[in-house]
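Top to bottom, those sequences are chains A and B. The first sequence begins at 1 in our numbering and counts up one residue at a time. The second sequence begins at 1001 in our numbering and counts up one residue at a time. One structure below.
2 protein chains.
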Amino acid sequence: MPADSTGLDPEISKRLTRDERGLFPAITQEFTSGDVLMLGWMDDEALQRTLTTGRVTYYSRSRNSYWRKGDTSGHIQWVREVRFDCDGDTVLVKVDQVGEACHTGKHSCFDDNAVPVVVTPDDQR
Amino acid sequence: MPADSTGLDPEISKRLTRDERGLFPAITQEFTSGDVLMLGWMDDEALQRTLTTGRVTYYSRSRNSYWRKGDTSGHIQWVREVRFDCDGDTVLVKVDQVGEACHTGKHSCFDDNAVPVVVTPDDQR
Chain A
1 MPADSTGLDP EISKRLTRDE RGLFPAITQE FTSGDVLMLG WMDDEALQRT LTTGRVTYYS
61 RSRNSYWRKG DTSGHIQWVR EVRFDCDGDT VLVKVDQVGE ACHTGKHSCF DDNAVPVVVT
121 PDDQR
Chain B
1001 MPADSTGLDP EISKRLTRDE RGLFPAITQE FTSGDVLMLG WMDDEALQRT LTTGRVTYYS
1061 RSRNSYWRKG DTSGHIQWVR EVRFDCDGDT VLVKVDQVGE ACHTGKHSCF DDNAVPVVVT
1121 PDDQR
């Protein structure tokens, strides 16, 4: 999808690096707690909607469609800040999260999924 | 690369969902501050090295090689926690960051790259 069809500011568009599908990862972080809530994907249109509506909109790679977080669950993500990383291929979205971010009912998609770390800094320093 | 050649625990391996290149995004977050520092990519081997050496190792998509953060810059990332998200296609790595995480000299790759948000929650609620 050409960037100029989405209404996304060309100055923003040219800072973006997209993958071969036109997508880039979006990390969603809770503004107040700093908790990383989830990772979704966006294209230019999803980013434009996120910047201009105040609510986070992702692009679903499995359903090939846009989804505005909270439309079915009520678990809205209100946009506080949006940042690109240094090479423009990832976006960080800081939000006020209504309810739980994860469809499993957890606050964050990263709750309860710890992977055992064999060696920690305390072993080495 | 078959998962079993990396030494990665099969119980961990089977929780992972990889893209068509065998990769998955890794969000790196500072353990003490909660700051999101960067997003890199891993495959099974990079994850196994991260879990077993105490230092974060990524897979470079542009160079097609592993890179252990800090080997050239000294800006080591010591691993504190590793978590998968609910569907196992993203990893969150919490670290003690030595020096700056970004090659530009910034603490985080998301510093100084704000994107203007047109509508904020305060406009709507």
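Every residue gets a Cβ at the ideal spot worked out from N, C-alpha and C, and that includes glycine. For clarity, every value in this text was computed on a predicted model and none was experimentally measured.
For B:T1057, the uninterrupted beta strand (DSSP E) run begins and ends at T1057 to S1060, by DSSP. In the same chain as A:L16, and ignoring 5 residues on each side of it, the C-beta atoms closer than 6 angstroms to its own belong to G88, in chain order. Using a 10 angstroms sphere on the CB of A:R55, the tally of other CB atoms reaches 16 or more, which defines it as buried. In the displayed model, B:I1012 falls within a helix according to three-state DSSP. Note on geometry: alpha-carbon atoms of A:H75 and B:T1072 lie some 43 angstroms from one another. Not a single CB atom of chain B sits nearer than 8 angstroms to the CB of A:V56. For A:M38, the nearest CB of chain B lies under 8 angstroms from its own CB, placing it at the interface with that chain. In this structure, B:C1086 is the residue among B:G1034, B:K1014, B:T1052 and B:C1086 with its C-alpha nearest to the C-alpha of A:D111. B:W1078 is a Cβ neighbour of A:P121, given a cutoff of 8 angstroms. Listed along chain A, the residues sitting closer than 7 angstroms to B:W1078 by beta-carbon distance are P121. Beta bridge pairing from DSSP links B:L1092 with B:I1027 and B:R1083.
Between A:R18 and B:A1114, the CB-CB gap reaches or exceeds 8 angstroms.
When only Cα atoms are considered, A:Y59 and A:A26 end up about 10 angstroms apart. Straight-line spacing of the CA atoms in A:N64 and A:Q124 works out to 46 angstroms. A straight line joining the alpha-carbon of A:L39 with that of B:R1061 spans about 19 angstroms. Residue environment analysis places A:V118 among the exposed positions, since fewer than 16 neighbouring C-beta atoms fall within 10 angstroms of its C-beta. Within the DSSP secondary-structure output, B:V1115 pairs in a beta bridge with A:V82. Taken in chain order, the members of the region 1003–1036 of chain B whose beta-carbon sits within less than 7 angstroms of a beta-carbon on chain A are I1012, P1025, I1027, Q1029, G1034 and V1036. Rounded to whole angstroms, the separation of the alpha carbons of A:G70 and B:E1081 is 29 angstroms. Per DSSP, reduced to three states, the secondary structure at A:R68 is strand. For B:R1049, there are no C-beta contacts with chain A under 9 angstroms, since the nearest C-beta of that chain is about 10 angstroms from it. For B:V1098, there is no enclosing beta strand (DSSP E), since its DSSP letter is neither H nor E.
Interface with chain B (8 angstroms Cβ-Cβ cutoff): A:A46 is excluded. Cα atoms of B:T1057 and B:A1046: separation of roughly 5 angstroms, rounded to the nearest angstrom. In terms of Cβ geometry, B:G1034 and A:G34 form a close pair [threshold 8 angstroms]. By the CB criterion at 8 angstroms, A:V93 and A:T53 fall outside the cutoff.
Its Cα nearest to that of B:V1098, the residue B:F1031 stands out among B:S1013, B:V1091, B:D1044 and B:F1031.
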